[in-house]
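In this note's numbering, the protein residues as written are 383 to 591.
Each residue gets a CB set at the ideal place from its N, CA and C atoms; glycine is no exception.
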């Protein structure tokens, strides 16, 4: 009998309407820069080595440098702080329409809830921003536990944190490789394909709500 439902965050609970590169294009278009020049600058920034980020200080350092490269390429270094402030992922997350109702229903049915997400540390703040933290016993981010989906280690860590066995858990993700990682350790895993159905429809189909 499943007692715990783990959910991925980005793509399952919330997402950004405007993606990262589009946010940069929007800001710089307002400043009069040509789209192709901006795209070239973004390409240069993407050449930066991405370290394994484990805390906000490391995240801030990396993304400040990322936007500095873009601004430098545009010959406008003074725009780097604006790009960092307005383009950062956490500021743009919006909850999917059905998610609050899903979480309320799952709590009413006495499921314990957790999150397993490959994400930078600031993802944690999104749960406060969107009013979601109260629903979850554990929010497990790859950056803070030094384990990454689809490695078995992060799923085992989540089970230990909730003090349950694999057969007592369900995991929902929008990426098939992460589904397969959970299944390898004996968890029931559900692949959410939002082009076909939303989270409510998936869980209802599986008899969980």
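Beta-carbon contacts of residue i that lie in its chain and below 6 Å, excluding the five residues immediately before and after
i: residue 585; result: 591
i: residue 502; result: 435, 441 and 525
i: residue 543; result: 520
i: residue 426; result: 451 and 455
i: residue 458; result: none
i: residue 462; result: 449, 450 and 453
i: residue 422; result: none
i: residue 410; result: 420
Buried or exposed by the 16-neighbour rule on C-beta atoms within 10 Å, applied to residue i
i: residue 443; result: exposed
i: residue 429; result: exposed
i: residue 496; result: buried
i: residue 400; result: exposed
i: residue 513; result: exposed
i: residue 432; result: exposed
Simplified DSSP state of residue i, which is helix, strand or coil
i: residue 457; result: coil
i: residue 436; result: coil
i: residue 570; result: strand
i: residue 430; result: coil
i: residue 580; result: coil
i: residue 397; result: strand
i: residue 388; result: strand
i: residue 523; result: strand
i: residue 560; result: helix
i: residue 445; result: helix
i: residue 591; result: coil
i: residue 515; result: helix
Sequence-distant residues of its chain with Cβ nearer than 7 Å to residue i (five each side left out)
i: residue 466; result: 445, 446 and 449
i: residue 337; result: What the structure shows of the chain is the stretch from 383 to 591, and residue 337 is not part of that stretch, so it cannot be assessed.
i: residue 415; result: 456
Where the alpha helix (DSSP H) containing residue i begins and where it ends
i: residue 536; result: 534–544
i: residue 420; result: 417–427
i: residue 488; result: 481–490
i: residue 412; result: 402–412
i: residue 467; result: 462–469
i: residue 508; result: 505–511
Delimiting residues of the beta strand (DSSP E) encompassing residue i
i: residue 499; result: 494–499
i: residue 555; result: 551–555
i: residue 476; result: 475–477
Same chain, Cβ closer than 8 Å to residue i, five either side skipped, listed in chain order
i: residue 385; result: 493, 494, 546, 550 and 551
Within-7 Å CB hit, residue i to chain B
i: residue 469; result: Absence of chain B from the displayed structure is noted, only one protein chain being present.
Is it the case that the region 442–453 contacts the region 473–489, given that we only count it when at least three CB pairs across the two stretches are under 8 Å? no
Check whether the region 527–537 and the region 565–579 are in contact - that is, three or more C-beta pairs closer than 8 Å. yes
Is the region 551–565 in contact with the region 383–399, if contact means three or more CB pairs nearer than 8 Å? yes
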